[in-house]
């Protein structure tokens, strides 16, 4: 049995966070430039194509990608290389069959002139191409389970650079929404080449298909499939409802605020996401590991969320004064971090125990209210209604997650969670009351929160040591070993003296 340290989880989660950060930042830049060059019509058509393709491919996935992460992670933990290959090939062959057949069907229908609603045959053709390429997600799931998220980061970075260059270039050349969609597909094509090569290098080209493995993937994935579909629909419905009721301008504001919020969410979610393959490969210590990830994740990311919520104008003003209108939306979205991190960690723990009905319950509690509320709130409140719908779903989800935790015997230390949740907002209130400059305010909110968490033993020096060990290259680790012991003792004494 392979033991997974927090350092290894953190190192993998940092790459995963970096990947999500790249996707969010480049995604925002891409849509911003495309919208500025081509106007709202190109943005509307392109987002509709991407949304429909995402819904179709998500519907046909049956959550097998999540199942692949679990069983490959477990097989690696058991040092069972044969099962690693068998699960990979079983998932890949299934996806090839489903996505290729569906994508080709849509492409053929488009050439026959088929269209529906506002989707022209040419738009449907690109939906088919994107669905056809959806099998590439197999490589992403496999490498995540293998904790090779560094490769995912590198591939996404290259893909996003190509997306920006290709899409913007083609739109400038007058290709319109076709150029924007082709640019968007650059990430899928890049992942096909880079992640596909790395995956095949890991498992080899010998095809091993087992129907029993596919059944296991179905069983493990189906519980995440339904809430995933609802979440996917909720995500696109939120954007599309704002677009439909308030126009492209307000849609852009909401998208920017949501993208910034996602960057913060991913800083905590990436650590939580890496729990799934790790916990699946563990025989014991799952609950302790989960609690440590929750404790460390919240301690390090919640102060950041509070800082951005306190000064929402800071990131928004970098994009221009017009984006400051999205400040209330960003403030509201920042409130979701604690609920999202708790829910995802408890969901991953339930998944590792094979308690799939609880995973389903948490997912449905989060996402069904969101989808329902989009219909009601967006029409009367615009982008703020979309943010409120998202927030209500997050808090309903965490209520159910706490119930699930009690059923599986996972003890949530309410006192520690309350302390973590209360300290940064109290410091933010003090900063605003004293009208402190945002630079000093940020240092107070984040830095003093960390120091207080250390003093209260909520965040431990070993946590920071493990994180530093996972991030520092070999030479810096050597320096850390030589100088760290004395320096660390001095820092600890100074902090204890200062706070006392």
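In the numbering used here, the protein residues as written are 27 to 526.
By construction, the Cβ of each residue, glycine as well, lies at the ideal position given by its N, Cα and C atoms.
Computed from a predicted model, the values in this text were never measured in an experiment.
Would you check if there are 3 or more beta carbon pairs closer than 8 Å linking the region 80-93 to the region 152-161?
-> yes
Alpha carbon to alpha carbon, what distance is there between residue 328 and residue 410?
-> 22 Å
Looking only at its own chain, which residues have a Cβ that is under 7 Å from the Cβ of residue 430, when we skip the five neighbours before and after it?
-> 372, 376, 384, 387, 388
Whether residue 369 touches residue 392 by CB criterion (8 Å) | yes
Below 6 Å CB to CB, which residues in the same chain sit around residue 336 once its five sequence neighbours on both sides are set aside?
-> 454
Spatial distance of residue 380 from residue 170 (CA atoms) = 19 Å
Looking only at its own chain, which residues have a Cβ that is under 8 Å from the Cβ of residue 505, when we skip the five neighbours before and after it?
-> Unreliable positioning characterises residue 505 in this predicted model, as indicated by a pLDDT of 47, which lies under 50. A coordinate reading is not provided.
Would you kindly check if the distance between the Cβ of residue 45 and the Cβ of residue 182 is under 8 Å?
-> yes
Length at least 4, wholly inside the region 442-468: the alpha helix (DSSP H) runs in chain order | 464-468
Sequence-distant residues of its chain with Cβ nearer than 7 Å to residue 276 (five each side left out) | 268, 408, 409
Residue of 467, 285, 350 minimising C-alpha distance to residue 359 | 285
Taking 8 Å as the threshold, find out whether the region 126-139 comes into contact with the region 188-208 through three or more Cβ pairs.
-> no
Could you give the distance in angstroms between the alpha-carbon of residue 397 and the alpha-carbon of residue 232?
-> 43 Å
What are the start and end residues of the alpha helix (DSSP H) that includes residue 334?
-> 312-336
What residues in its chain sit with their C-beta under 7 Å from that of residue 212, if we drop five residues either side in the sequence?
-> 185, 188, 189, 192
Thinking just about the alpha-carbon of each residue, which of 230, 436, 283 is nearest to the one in residue 314?
-> 436
What three-state label does DSSP hand residue 46 in the structure shown?
-> helix
If you compare alpha carbons, which of 207, 382, 404, 100 is closest to residue 252?
-> 382
With DSSP as the reference, please indicate the residues paired to residue 145 in a beta bridge.
-> 142
Taking the CB atoms as reference points, tell me whether residue 340 and residue 349 lie closer together than 8 Å.
-> no
Which class does residue 178 belong to by DSSP, given the choice of helix, strand or coil?
-> helix
Where residue 196 and residue 64 are concerned, what is the direct C-alpha to C-alpha distance, given to the nearest angstrom?
-> 11 Å
Residue 201, DSSP secondary structure in three states | coil
Nearest candidate by alpha-carbon position, reference residue 394, set 406, 417, 378 | 417
From residue 236 to residue 104, what distance separates their C-alpha atoms?
-> 19 Å
Going straight from the alpha carbon of residue 472 to that of residue 323, what length do you get?
-> 14 Å
Assuming residue 168 contacts residue 94 under a Cβ cut-off of 8 Å, what Cβ separation, rounded to an integer in Å, is found between them?
-> 6 Å
Which two residues bound the contiguous alpha helix (DSSP H) that contains residue 105?
-> Here residue 105 belongs to no alpha helix (DSSP H), and DSSP marks it neither H nor E.
Can you round the beta-carbon distance between residue 109 and residue 116 to whole angstroms, since I take them to be within the 8 Å contact cut?
-> In fact, because the Cβ distance is near 10 Å, the residues do not count as touching under 8 Å.
Report the rounded CA-to-CA distance for residue 354 versus residue 326, giving the unit in angstroms.
-> 24 Å
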